[in-house]
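Sequential numbering of the sequence shown, starting at 30, is according to my numbering.
Yeah, the Cβ is synthetic: ideal placement off N, Cα and C, and Gly gets one too.
In this text the structure is predicted, and so the values were computed from the model without any measurement.
Below is one structure, written out as structure tokens; comments come after it.
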Amino acid sequence: MSHNDQLVSRSAVELRRLIGAREEISPVELLDACIERIEAINPAVNAVTATCFPQAREAAKAAETCGAQRRTVGLLPRLCRWA
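Structural data, given as structure tokens:
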């Protein structure tokens, strides 16, 4: 099982904890794993009918910046506050 497969198989709660604790993964790394999975599986199941990967990448980078600046990342990545 690849690293990306391991990431997308974890629960959202665990992934949020790992990102929040600045362990193992970054928001951008998680997004890349999710996009890889969507692109691999979606042609067969057509579950995702519209994507906005560029906007998602901007939000992931904003969340990563918040983490690097030791600010907490809220529910919406662009809404950061000082810890």
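For Ile67, the enclosing alpha helix (DSSP H) starts and ends at 56-74. By the CB criterion at 8 Å, Ile54 and Phe82 fall outside the cutoff.
Here Cys81 carries a coil assignment [DSSP, helix/strand/coil]. Assignment of Glu53 by DSSP, reduced to helix, strand and coil, places it in the coil class. Of the candidates Cys95, Ala88, Thr94, the residue whose Cα lies closest to the Cα of Leu60 is Ala88. Residues of the same chain with a CB within less than 7 Å of the CB of Pro72, apart from the 5 flanking positions on each side, do not exist. Only residues of its own chain outside the window of five on either side were considered, and among them Ile67, Asn71 have a CB closer than 8 Å to the CB of Val77, listed in chain order.
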